[in-house]
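Peer 1: There's a structure below that I have some questions on.
Numbering (our numbering), first residue to last: 67 to 356.
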């Protein structure tokens, strides 16, 4: 389990580094063609937007999904499991929420453990036994322990910067002075090509980071409980029943334990979550090497 956790962290760092290099290369291209001041202004705007979302993201994710905060007396079973996991992980007990949705799912949010929250659907509470529910909640506590909200927001920031830079390059190229002999036509062409493919590349990188963090949270949760079979069983149940929520929200889909959106992606490249079968297989591998 320790090796799986370390491998996922290394892969995340590598992907994030590539993401930053890619964003920097696009900013350099914009600055080379249209001046550094334009690139800097666009980057500042994107980062300010991301900062607002970062500080308001937790409240928004709970609100848009209709999550309702509970106290211990409202659901002693759920609250007790969260408290025990927090003690095991050495974390403050997060606020606990329930979503009135029949689909089995859950998510965690919060910039840091001190202001974190975990939320489960009523459907998850209805079909999971205590071991399975503990496995799911250990996974969500793993997100909090690993500061995955921060990682996701950094990835979101880089994706936003890349998308805005790409859009600016396209617009400025379209409306540029075509009679200006100083325009470097090769750089212009490179800028157009980069602007077209950049949002797709940024999306793929962001999704890759999201999937790596899901694998990492699975490994962290299994290490916390020392009983990966509970998480495996929970994943198997969700694979059979489905995890699609009645209330669809693409902006918060990557927070959830399993894909909450309707339908299937064209390929696994375009999914925020790894296939459930792959997650179960990795957990079984960790059992074999434990």
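We treat Cβ as the ideally placed atom computed from N, Cα and C, and that holds for glycine.
By the three-class DSSP mapping on this structure, what secondary structure does residue 245 have?
Peer 2: Reliability fails at residue 245, whose pLDDT of 47 lies under 50, so the model's placement of it is uncertain and the value that follows must be treated cautiously. Three-state result, residue 245: coil.
Peer 1: Could you give the first and the last residue of the continuous beta strand (DSSP E) run that contains residue 207?
Peer 2: Premise fails: residue 207 lies in the alpha helix (DSSP H), 196-211, not in any beta strand (DSSP E).
Peer 1: Check whether the stretch 275-283 touches the stretch 199-216, counting contact only when three or more Cβ pairs, one atom from each stretch, lie closer than 8 Å.
Peer 2: In short, these stretches touch, since the Cβ pair count reaches three.
Peer 1: In angstroms, rounded to a whole number, what distance separates the CA positions of residue 102 and residue 114?
Peer 2: About 18 Å.
Peer 1: Could you tell me which of 211, 260 and 146 sits nearest to residue 234, measuring between CA atoms?
Peer 2: The shortest Cα separation from residue 234 among 211, 260 and 146 belongs to 260.
Peer 1: DSSP three-state call for residue 79: helix, strand or coil?
Peer 2: Note: residue 79 maps to helix in three-state DSSP.
Peer 1: Between the Cα of residue 131 and the Cα atoms of 98, 169 and 145, which residue gives the shortest distance?
Peer 2: Minimum Cα distance to residue 131 is reached at 169.
Peer 1: Looking only at its own chain, which residues have a Cβ that is under 7 Å from the Cβ of residue 334, when we skip the five neighbours before and after it?
Peer 2: With a pLDDT of 48 at residue 334, under the threshold of 50, the predicted position of this residue should be treated as unreliable, and no value is reported.
Peer 1: Mapping DSSP to helix, strand and coil, what is residue 333?
Peer 2: For residue 333, the predicted model reports a pLDDT of 45, less than 50, meaning its position is unreliable; a value from the coordinates is still stated below. Coil, per DSSP.
Peer 1: Tell me the rounded alpha-carbon separation between residue 278 and residue 78.
Peer 2: Residue 278 and residue 78: Cα-Cα distance of roughly 7 Å.
Peer 1: For residue 159, which of 167, 148, 165 and 143 has the nearest alpha-carbon?
Peer 2: It is 148 whose Cα lies nearest to the Cα of residue 159.
Peer 1: Within the same chain, show all residues whose beta-carbon is closer than 6 Å to that of residue 248, passing over the 5 residues directly before and after it, in chain order.
Peer 2: Below a pLDDT of 50, predicted positions are generally treated as unreliable, and residue 248, at 49, falls in that range; no measurement from the model is reported.
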